[in-house]
Every structure is written in C-alpha cells, then in structure tokens.
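So the structure is just underneath, and the comments pick up after that.
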Amino acid sequence: MNRMIRFIKAIILVVATMSLCVIIFNHGKGYYDDYMREYKGTYTEDGVDVDVVIPDGASVKKIASILKDEGLIKYENAFVKRVQNEGYAGKLKAGTYTLNTGMNTLQMMEAMSPTIEYELPIATLVIPEGFTIDMIAERCEEQGICSYTEFINAIKSVTTVDFPYLADVPSNANVKYKLEGYIFPATYDIYESTTPESLVAWMLETFDYYYSGELEARATELGYSSYDVITRASIVEREAKVAEERPIIAGVINNRLAIDMPLQMCPTVLYPLTDGRYDQSQVLYEDLELDSPYNTYKYSGLPVGPICNPGVACIEAVLYPEDHTYYYYHVGNEEEGTHIFTETYEEHVDTQIIGGPNGVPAEGDEGSEE
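In the working numbering, each residue's number is its place in the sequence shown (first place is 1) plus 208.
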C-alpha cells in the first residue's frame, strides 16, 4: 500500500513538473515572440488609436518610455535597438502623433519621422576615433553644420535625465566636458532639419547602442562604471597606433595602477596643454609640470576623465586586456606606429634611441588626429 502511495506521489510530481515546464516554456516563448515583434516585426493588428506627444529634444530612450507608458510597446530596449538598426537614429521628430496599438514599431518610427521620405542628407559628418569634443565642434564649423559655440552649448545642455548613463560621471569631477568620451565616433548624415542638439543626442544614442549587452555586462563584472571604461579607453585610443597593441597598452595601464605606479602617458598632458585639440605633436620637459588633473605625470591614478572619444575597439581592449608583465613602452617603429614593450625601466632605457626629438623618456606617445 505504501509503495502504491509513493508511486502515485511520484506520478503526481512528474506531472506537476512537466506542467510547470510547459508553463515556463510558453511564458518564455510568449516573451520572445512579443520582443521580436517589436524588434523585427512587420505585420499589423487591429488596435486602438492613441495620441502621443513627443517633446522637443527627447532622446530615443525617452520616446520609448513614452510609448510604453501609452501602451504602444512593451519593450523599450527593442524599440531603441530597432531605431538604430533601421536608420532612424536622430530622425524622430518632436510633435503630436496619432499612433495605433496594432502598429509595428517600424510604422511608429515612420509616423514620427514625417519628412524622412523627402529629406535627403545635405552633408556627412565623419568623426574619427580619438577626436575630442573641441575637435568635433571645429569640424562642424568647418563644414558649415553649426558654429563651434552652438555645438559646445548643445554639449553643455545635456543632462542625466536625457541619458541616465551619464550619472556615472562623478558629480565633483573637475573635467572640461562631462560628455567627453561619450560622443561616439562614427559617420553621421546631416539633414536640413539637423540641429546641434539633435546631432549631440544622436551621438549619445549611438554610444548607448554600442555600449550595451556584452560590453556593459563585462564592465559590471570588472567593477567598472561606463566612466571608468571610457577614461581608460580614451588613453588607449590616443596611444595605440596598431590594432594588436590596444589590449597590450590596456594591460600596461592595469599593471601600473595595480602597484600605484604613475601612468605618465603623454596624451594626458597634451589634452589639457592643447585645450583638447592635440595640435601639438611633442611633449617637452616643462610640459610635464602642467598643473592639471588630467596630467598623469603630476598626479597618480587615472586622469580625472576621458581625454578623447574612443571607439569600440579600444573599449573592448579595456574590457578584455592582455594579461602580461609589461610596465613600460616606447615607439619602436615611427613609420608603422609600433611600440617596444618592456618589464623593467632598465630594459626600457636600453631599448630606446638616445636623444629623441623631445628628449623625454616617456612611456607612451601621443595619438594622432586621424
């Protein structure tokens, strides 16, 4: 009798477990189907009209939040990613729109981009990896997109409400621009309707698009904020000339910081020395005494903030650095831009060509403007 009871209980447990698995599977499949509909779906359903107000200067994340609050979408992240993938970044317009709960997200984007079918790019803005905000502002003025001052004012007008990840910037950081490092290097189409504010928002949204998923998870695993990552990556960007050396230089930074050794890297002097323009190619002995929180010859640890806007490759190098025992490096082949890496200062000195152009036995060299 007891065996029969145990057998029945076992059967009940198996059935209950299988039922639970079916429920979990159906729930997971339902979530996946809903998410993919918003991320990639092109079909429509019957729905109800909803009037939506998109305020001036609203970021894609803000727009996604509004759509979710109005019951038009379920997954903000799916909407944000689709905006990038479908080429609508920087093209969603402020205004009042009548959307329908049965629309797919692509139709919603089309509705909120009323001029996209007729508006063609009037210019292309190329932002190379390693450019600073000042260099970008100057390029905008050179191309007639906006004035230097208008771009800088747009940079200064952005708040953490618009882009929550900017909260990673320390509130007391004595930096030139709180957005330095977050302005993503890429190629941007410029339209007649492009404003300095919409351009800056587009650049920040592009950073948010690329710095997500695996990269963000890896940063959390290492205990880094986005600010830590881009500060380190900005040094790598200005130091590394060849791709294979990026993770090596990131490893040098880690090794020096681990033993409280000064970084002493030239770009951290050139950034404040040239007012963010990198229009000086050499660092002189007297320059090393520049009193700036960016100067890693004068102050220990990382500079107070990013010294340029790094690309994905340098961000990845920081998140996946090479594990080695190098503490020093200097230019090995000027034409190729390669470095010689060494473990000790004696090796570092022995491998240098005595009497270089600036006479400074620096561990790194400044980056190029591209």
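Built from N, CA and C at the ideal position, the CB exists for glycine as well.
Three-state secondary structure (DSSP) of Val539: Here residue 539 corresponds to residue number 331 of the sequence shown, with the count starting at 1. The answer is strand: DSSP assigns Val539 an E or B state.
Would you kindly report the start and end of the unbroken alpha helix (DSSP H) that includes Val477? The residue you call residue 477 lines up with position 269 of the sequence shown. Val477 -> alpha helix (DSSP H) spans 475-481.
For Ala409 and Ser267, believed in contact at Cβ under 8 angstroms, the rounded distance: Taking the sequence shown and counting its residues from 1, the one referred to as residue 267 is at position 59. Taking the sequence shown and counting its residues from 1, the one referred to as residue 409 is at position 201. At roughly 6 angstroms, the Cβ-Cβ gap stays under 8 angstroms, so Ser267 and Ala409 are in contact.
Buried or exposed for Gly421, going by 16 or more other Cβ atoms inside 10 Å? The residue given as residue 421 occupies position 213 in the sequence shown. Gly421 comes out exposed.
Starting from Tyr435, trace the alpha helix (DSSP H) in both directions and tell me its first and last residue. Taking the sequence shown and counting its residues from 1, the one referred to as residue 435 is at position 227. Annotation for Tyr435: the continuous alpha helix (DSSP H) segment containing it runs 434-447.
Just checking, does the segment 500-516 make contact with the segment 433-447 on the three C-beta pairs under 8 angstroms criterion? With a cut-off of 8 angstroms, the segment 433-447 and the segment 500-516 count as touching, because enough Cβ pairs lie within range.
Could you check which residue in Leu333, Ser434, Pro329 has the C-alpha nearest to that of Leu374? Here residue 374 is taken as the residue at index 166 of the sequence shown, counted from 1. The shortest Cα separation from Leu374 among Leu333, Ser434, Pro329 belongs to Ser434.
Reducing DSSP to helix, strand and coil, say where Leu333 ends up. Here the question's residue 333 lines up with position 125 in the sequence shown. Leu333: strand per DSSP, three-state reduction.
Per the DSSP calculation, Tyr396 is bridged to which residue(s)? Your numbering for residue 396 matches position 188 in the sequence shown. In the DSSP assignment, Tyr396 forms a beta bridge with Leu333.
Pro263, buried or exposed, once every other Cβ within 10 Å from all chains shown has been counted against 16: The sequence position of residue 263 within the sequence shown is 55, counting from 1. Label assigned to Pro263: exposed.
Any chance the segment 389-400 sits against the segment 411-421, with 3 or more Cβ pairs inside 8 angstroms? Taking a contact to require three or more Cβ pairs closer than 8 angstroms, the segment 389-400 and the segment 411-421 qualify as touching.
Output yes or no for whether 8 angstroms exceeds the beta carbon distance between Val444 and Val520. Residue mapping note: residue 444 aligns to position 236 of the sequence shown, counting from 1. Residue mapping note: residue 520 aligns to position 312 of the sequence shown, counting from 1. Not in contact: Val444 and Val520 (Cβ atoms no closer than 8 angstroms).
Spatially closest choice to Ala272 from Glu452, Tyr247, Lys386, Tyr251, by CA coordinates: To locate residue 272, count along the sequence shown from 1; it is residue 64. Shortest Cα-Cα distance from Ala272 to any of Glu452, Tyr247, Lys386, Tyr251 involves Tyr247.
Among residues of its own chain, excluding the 5 on either side of Asp342, which ones have a beta-carbon nearer than 7 angstroms to its beta-carbon? Indexing the sequence shown from 1 puts residue 342 at position 134. Here the set comprises Asp483, Gly484, Arg485.
Can you list, in chain order, the residues of its chain whose CB lies under 8 angstroms from that of Asn382, leaving out five sequence neighbours each side? Here the question's residue 382 lines up with position 174 in the sequence shown. Pro501, Val512.
Have a look at the DSSP bridge pairing and note the partners of Asn308. Position 100 of the sequence shown holds residue 308. When DSSP reads this structure, Asn308 sits in a beta bridge with Asp257.
Indicate whether Ile353 and Leu333 have their beta-carbon atoms separated by less than 8 angstroms. Against the sequence shown, residue 353 aligns to sequence position 145. Against the sequence shown, residue 333 aligns to sequence position 125. Judged by their CB atoms, Ile353 and Leu333 are nearer to each other than the 8 angstroms cut-off.
Go ahead and pull the three-state DSSP assignment for Phe579. Because residue 579 is not part of the residues shown, which for the chain are 209 to 578, the question remains open.
Would the segment 444-457 and the segment 532-547 be scored as touching if the rule is three or more Cβ pairs under 8 angstroms? Contact between the segment 444-457 and the segment 532-547 is present, because at least three Cβ pairs lie under 8 angstroms.
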